[in-house]
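The block underneath contains the structure these notes are about, expressed in structure tokens.
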Ligand code: SF4
């Protein structure tokens, strides 16, 4: 059985397409952002992700930050389960009325100095859902926001850029 599988592998070879050529500069950008984040902070950055009512499209892109290409965790930038352990909240979705109180409590439970980055059109301006009896609209209607990452959904590299911008701005303010 194993022998026939090996024969099949050698006969077929690599069936997948080669990765697209995105250029040397783009390929190096994730590593550059990771290095700058670590040099600014001098320590790990911990992130609590909050889905306040998204369609999960933005979560798929956030999930990609953990793959070997973006490799956030490999650089010491970790997602944590509790806001009490977090430096930064990464919030998606329009804020559904059912999540309004939970989001406020999560924000209150995050220790100072905290950062909030919103991900996706819905979180930045309410997106398709806007404000209604079921939706509070954008995240900034509920908690203070430091940086927005637009797109529906945004690419992982844009999310990394947004995190870096928020951290840079906080460092400049604290000087
Ligand atoms: S921005 Fe787009 S992908 Fe993200 S939660 Fe809204 S509809 Fe979904």
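In the numbering used here, the protein residues as written are -16 to 158. For glycine and all other residues, C-beta sits at the position ideal for the given N, C-alpha and C. Owing to the predicted nature of the structure, the values given are computational and were not obtained by experimental measurement.
Bounding residues of the beta strand (DSSP E) (the contiguous stretch that carries residue i)
i           : result
residue 156 : From DSSP, residue 156 is part of no beta strand (DSSP E) but of the alpha helix (DSSP H) over 139 to 156.
residue -12 : Unbroken run through residue -12 is the alpha helix (DSSP H), -15 to -5; no beta strand (DSSP E).
residue 34  : 28 to 34
residue 61  : 60 to 62
Contact test: residue i Cβ vs the ligand SF4 heavy atom, cutoff 7 angstroms
i           : result
residue 139 : no
residue 119 : no
residue 76  : yes
residue 109 : no
residue 103 : yes
residue 145 : no
residue 136 : yes
residue 59  : no
residue 6   : no
residue 79  : no
residue 49  : no
residue 113 : no
residue -7  : no
residue 40  : yes
residue 37  : yes
Burial state of residue i, where buried means 16 or more other Cβ atoms lie within 10 Å
i           : result
residue 41  : buried
residue 84  : exposed
residue 111 : exposed
residue 33  : buried
residue 103 : buried
residue 44  : buried
residue 48  : buried
residue 142 : buried
residue 113 : exposed
residue 109 : buried
residue 17  : buried
residue 14  : exposed
residue 145 : buried
Inter-residue CB distance, residue i and residue j (contact presumed, cutoff 8 angstroms)
i           : j          : result
residue 117 : residue 79 : 6 angstroms
residue 31  : residue 63 : 6 angstroms
residue 29  : residue 69 : 5 angstroms
First and last residue of the uninterrupted alpha helix (DSSP H) at residue i
i           : result
residue 23  : 7 to 24
residue 67  : Where residue 67 is concerned, there is no enclosing alpha helix (DSSP H), given that its DSSP letter is neither H nor E.
residue 98  : Here residue 98 belongs to no alpha helix (DSSP H); instead the beta strand (DSSP E) covers 98 to 102.
residue 45  : 40 to 47
residue 114 : Premise fails: residue 114 is in no alpha helix (DSSP H) and is neither H nor E.
residue 172 : The structure shown has nothing for residue 172, since the chain only spans -16 to 158.
Within the chosen definition, does the segment 30 to 47 reach the segment 133 to 143 through at least 3 CB pairs nearer than 8 angstroms?
yes
Should the segment 73 to 81 be called in touch with the segment 29 to 37, which here means at least 3 C-beta pairs below 8 angstroms?
yes
Could you tell me whether the segment 123 to 133 touches the segment 142 to 158, using the rule of 3 or more Cβ pairs below 8 angstroms?
Using a C-beta cut-off of 8 angstroms, the segment 123 to 133 makes contact with the segment 142 to 158, since at least three inter-stretch Cβ pairs fall below that distance.
Three or more C-beta pairs below 8 angstroms linking the segment 52 to 62 and the segment 11 to 25
yes
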